[in-house]
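Colleague:
Protein chains: 2
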Amino acid sequence: MSQTRQQIIDLADQLIREKGYNAFSYKDISSVLNIKNAAVHYHFPSKAELGKAVIQQNWKDYTRELKKWDVLNPTQSLEAFIQVYEKLGSQGLVCFMGAMGAAYETLPEIMQSELTAASVEIRLWLRQVLRKGLETNEFHFTEKVEEKADFIISALLSSLILQRVTKENIPANVKSAILASVK
Amino acid sequence: MSQTRQQIIDLADQLIREKGYNAFSYKDISSVLNIKNAAVHYHFPSKAELGKAVIQQNWKDYTRELKKWDVLNPTQSLEAFIQVYEKLGSQGLVCFMGAMGAAYETLPEIMQSELTAASVEIRLWLRQVLRKGLETNEFHFTEKVEEKADFIISALLSSLILQRVTKENIPANVKSAILASVK
DNA sequence: GTCTATACGCTGATAGAC
DNA sequence: GTCTATCAGCGTATAGAC
């Protein structure tokens with residue numbers, strides 16, 4: 039992978055998190071990298087392909103993290119998961135799902151399918167962590183695992199969005215509440 | 039308020055929820071209402087003022103609901119609150135906070151301040167409901183009220199976004215988990 | 001890989017007629 | 001209130017030179 043291509047993806051990722059997919063432009067990228075509009079098109083003929091590459095990179099990085107956590111116990115896994123959002127929050131960023139999910143219906147189809155596939159995997163992973171935690175008696179809650187998982191994922195996703203709006207540390211509050219709610 | 043002005047606000051509201059503030063245009067509105075671009079500018083000289091009007095209308099409607107719920111007990115209040123998101127979810131819509139919050143930093147300042155003010159009020163309202171529920175022994179949870187409130191609001195907000203991505207009934211799952219977690 | 005040049009529709013916005 | 005006319009700039013995208 040060429041260096042410029044990688045820079046374009048990284049920049050597009052940043053722009054999507056900041057402005058959303060529909061509101062960033064090739065010029066936003068070319069002006070920062072000091073290249074021309076056409077040079078960006080050389081690497082990504084269409085904006086949809088660039089968007090797809092951004093999702094794929096995010097997902098690749100995410101699954102690599104997930105793999106690393108295989109050795110952790112349920113409590114540690116959940117904390118590692120939460121820490122991803124904590125880190126994003128400390129940088130004032132939103133997650134890629136939050137950035138693109140709100141305008142999901144307007145995304146090119148090749149981006150929609152990538153995004154949906156990623157959401158399936160994340161939900162399955164967290165369910166499995168919660169299930170294991172119940173079995174080992176590390177976690178204690180009465181809700182259905184599926185519902186608890188969606189509750190947690192949803193809260194983490196929005197905590198980053200609401201942090202921007204409220205200018206308060208919502209991710210920290212959500213973290214405390216999640217950890218308390220599984221004890 | 040003229041009928042056209044009201045139609046413009048309603049349409050802009052719909053477009054913002056669907057595409058986001060930065061990605062909708064005056065043409066999206068004028069073409070549907072069968073008027074010209076310039077006619078929209080007559081009612082809202084700038085896009086920022088239209089965006090502000092959309093937030094204000096949402097907030098006016100929201101606070102009217104909140105007032106109605108003054109007579110309810112904490113359990114009923116929480117259920118009424120959740121029902122707002124359930125209804126949006128059944129229509130495939132996201133809430134105005136979710137639609138605009140993700141790109142908060144790119145919004146005109148007059149929109150940012152309206153949005154932030156609204157978030158303060160909602161959080162205060164839910165905290166008060168949770169606090170009262172603890173006092174009356176209707177609710178049982180050990181987390182801090184502030185953290186629990188942010189947990190719940192965050193989850194509801196994202197449940198609408200994730201419903202689009204996953205094509206599953208996330209709001210229903212989140213609703214169950216919330217109600218179970220305060221029992 | 002990056003450039004210049006170019007296409008052409010859409011963008012938010014304004015001036016002035018009706 | 002709505003129209004026509006007009007604006008300068010930006011949007012994605014392509015062709016072909018270097």
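As they're listed, the protein sequences go chains U and L. Be aware that the first sequence starts at 39, since it is given in our numbering, and climbs by one per residue. Be aware that the second sequence starts at 39, since it is given in our numbering, and climbs by one per residue. Every residue gets a Cβ at the ideal spot worked out from N, C-alpha and C, and that includes glycine.
#1: To test your reading of the DSSP string, which unbroken alpha helix (DSSP H) runs of 4 or more residues are found completely within the region 145-173 of chain U?
#2: Taking 8 Å as the cut-off, does the region 80-98 of chain U touch the region 167-181 of chain U (at least 3 CB pairs, one atom from each stretch)?
#3: Assign Leu162/L to one of two classes, buried (16 or more other C-beta atoms within 10 Å of its C-beta) or exposed (fewer than that).
#4: Going by DSSP in three states, Phe189/U sits in which element: helix, strand or coil?
#5: Apart from the five residues just before and just after Gln45/U, which ones in its own chain have a Cβ nearer than 8 Å to its Cβ?
#6: Out of Trp107/U, Tyr59/U, Met138/U, Ala118/U, which has the shortest C-alpha to C-alpha gap to Ser84/U?
#7: In chain order, what residues of the same chain have a beta carbon less than 6 Å from the beta carbon of Ile208/U, not counting five sequence neighbours either side?
#8: Reducing DSSP to helix, strand and coil, say where Ser128/U ends up.
#9: Quick one: is Ala155/U near chain L, going by C-beta distance under 7 Å?
#10: Under the three-state reduction of DSSP, which class applies to Thr180/L: helix, strand or coil?
#11: Rounded to whole angstroms, what's the CA-CA distance from Ser40/L to Ala141/U? Just pull it up for me.
#12: Do Val203/U and Thr42/L have their C-beta atoms closer together than 7 Å?
#13: Measure the alpha-carbon distance for Leu215/U versus Glu147/U and round it to whole angstroms.
#14: Rounded to the nearest angstrom, what separates Leu53/L and Phe62/L at their Cα positions?
#15: Please report how far the alpha carbon of Glu124/L lies from the alpha carbon of Ser68/U, in whole angstroms.
#16: Using only alpha-carbon positions, find the residue among Met149/L, Gly171/L, Ala218/L that is nearest to Lys90/L.
#17: Could you check the C-alpha separation between Gln166/L and Asn211/U for me, to the nearest Å?
#18: Please decide whether Glu147/U counts as near chain L, where near means a Cβ-Cβ distance under 7 Å.
#19: Kindly indicate the opening and closing residues of the alpha helix (DSSP H) around Asn75/U.
#20: Mind listing the chain L neighbours of Tyr64/U? Cutoff is C-beta to C-beta under 7 Å, in chain order.
#21: Compare the C-alpha of Glu117/U against each of Leu194/U, Lys205/U, Glu173/U and name the closest.
#22: Hey, out of Ile47/L, Ile73/L, Lys221/L, whose CA is closest to Leu172/L's CA?
#23: Could you list which residues in chain L have their beta carbon closer than 7 Å to that of Glu184/U, in chain order?
#24: Thinking C-beta only, is Ile93/L closer than 7 Å to Glu152/L?
#25: Considering only residues of the same chain and omitting the five flanking positions on each side of Asp66/L, which have a CB-CB separation below 7 Å?
#26: I believe Ile190/U touches Leu164/U by the beta-carbon criterion, under 8 Å. Please report the beta-carbon distance rounded to the nearest angstrom.
#27: For Lys105/L, which three-state DSSP category applies?
#28: Taking 7 Å as the CB-CB cut-off, is Asn60/U touching chain L?
#29: Is the distance from the Cβ of Ala137/L to the Cβ of Arg55/L below 7 Å?
#30: What did DSSP end up calling Glu87/L once you bin it into helix, strand or coil?
#31: List, in chain order, every chain L residue whose beta-carbon is nearer than 7 Å to that of Gly139/U.
#32: Tyr142/U versus chain L: which residues are under 7 Å apart at the beta carbon?
#33: Look at the Cβ atom of Ser219/L, then the Cβ atom of Ser192/U, and state whether they are nearer than 7 Å.
#34: Reducing DSSP to helix, strand and coil, say where Gly139/L ends up.
#35: Note down, in chain order, each residue of its chain lying with its Cβ closer than 7 Å to the Cβ of Leu110/U, except the 5 sequence neighbours on either side.
Modeller: Taking the geometry as given:
#1: 147-173, all fully within the region 145-173 of chain U.
#2: The answer is no - the region 80-98 of chain U does not touch the region 167-181 of chain U, with fewer than three Cβ pairs under 8 Å.
#3: The residue in question, Leu162/L, is exposed, as its Cβ has fewer than 16 Cβ neighbours within 10 Å.
#4: helix
#5: Around Gln45/U: Leu71.
#6: Tyr59/U
#7: Ser197, Leu200, Gln201
#8: It is helical.
#9: no
#10: coil
#11: 30 Å
#12: no
#13: Residue 215/U is actually Ala in this sequence, not Leu. Those two C-alpha atoms are separated by around 36 Å.
#14: 6 Å
#15: Cα to Cα, Glu124/L sits roughly 42 Å from Ser68/U.
#16: Of the listed residues, the one whose Cα sits closest to Lys90/L is Met149/L.
#17: 16 Å
#18: no
#19: 75-81
#20: Those do not exist, as Tyr64/U stays about 15 Å from chain L at its closest Cβ, beyond 7 Å.
#21: Leu194/U
#22: Lys221/L
#23: Asn211
#24: Against a cut-off of 7 Å, the Cβ pair of Ile93/L and Glu152/L comes out as a contact.
#25: Leu53
#26: 6 Å
#27: If DSSP states are grouped into helix, strand and coil, Lys105/L belongs with the helices.
#28: Cβ-Cβ to chain L under 7 Å: yes for Asn60/U.
#29: yes
#30: helix
#31: Ile199, Leu200, Arg202, Val203
#32: By Cβ distance, chain L contributes Arg202, Val203.
#33: no
#34: helix
#35: Ala118
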